Amino acid sequence: MKRMIIFALALILLLAAGPARAAQSQGETLVRGLWALIAAKDMAKIAATTSPEFQAVHSFGANDKQDEMKRLAGLNLGAYTLSDFHATEQGPVIVVSYHFGAAQARGDKPALRLEVFINTEQGWQWLAHANLEPVQ
1 MKRMIIFALA LILLLAAGPA RAAQSQGETL VRGLWALIAA KDMAKIAATT
51 SPEFQAVHSF GANDKQDEMK RLAGLNLGAY TLSDFHATEQ GPVIVVSYHF
101 GAAQARGDKP ALRLEVFINT EQGWQWLAHA NLEPVQ
């Protein structure tokens with residue numbers, strides 16, 4: 001629980017840092033690329049571009065990288081939509097909030113998601129994911 005509170009506070013601070021125009025385009029590109037890999041079930045590429053320190057939070061609990069990779073491998077993603085992107089950047093970190101809609105998602109309207117990416121020597125890596133309405 002303490003980890004989740006610290007994570008949430010860090011995300012709030014990053015979001016409050018102010019938007020950067022370049023971050024908007026880069027953030028949307030990163031999210032769209034991530035979902036394309038998930039839809040293609042390219043688990044090798046997803047794992048290679050996911051930070052070893054990755055964390056995800058869902059309504060059912062938190063996952064580390066290993067658990068999230070297992071969850072994604074079992075996900076049968078059909079048609080989906082991504083919209084309403086908002087990205088902020090501070091240093092090597094981009095935080096992106098957006099709406100995700102899919103037939104598998106609960107409810108009729110797209111749900112809010114949050115992704116965090118960090119730019120490393122190896123390129124952009126997926127660092128964190130927040131989803132409070134999981135795809136089933």
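Counting with this note's numbering, you get residues 1 to 136 for the letters of the sequence shown.
Glycine included, C-beta positions come from ideal geometry on N, C-alpha and C.
Small disclaimer: the values here were computed from a predicted structure and weren't measured.
In the structure shown, Asp64 falls within a strand segment according to DSSP collapsed to helix, strand and coil.
For the pair Trp124 and Ala48, the Cα-to-Cα distance works out to about 10 Å.
Between Phe54 and Tyr80, the C-beta spacing is not below 8 Å. Per the C-alpha coordinates, the member of Leu75, Gly33, Ala128 and Ala36 positioned closest to Val93 is Ala128. Counting along the chain, Ala111 sits inside the beta strand (DSSP E) bounded by residues Ala111 to Thr120. Judged by DSSP in its simplified three-state form, Thr29 adopts helix. DSSP, read as helix, strand or coil, puts Leu34 in helix. In the structure shown, Ala130 adopts extended strand secondary structure according to DSSP, grouped into three states.
Between the alpha carbons of Lys45 and Arg32 lies a distance of about 14 Å. Measuring C-alpha to C-alpha distances from Arg71 to each of Ile38, Ala111, Ala103 and Pro110 identifies Ile38 as the nearest.
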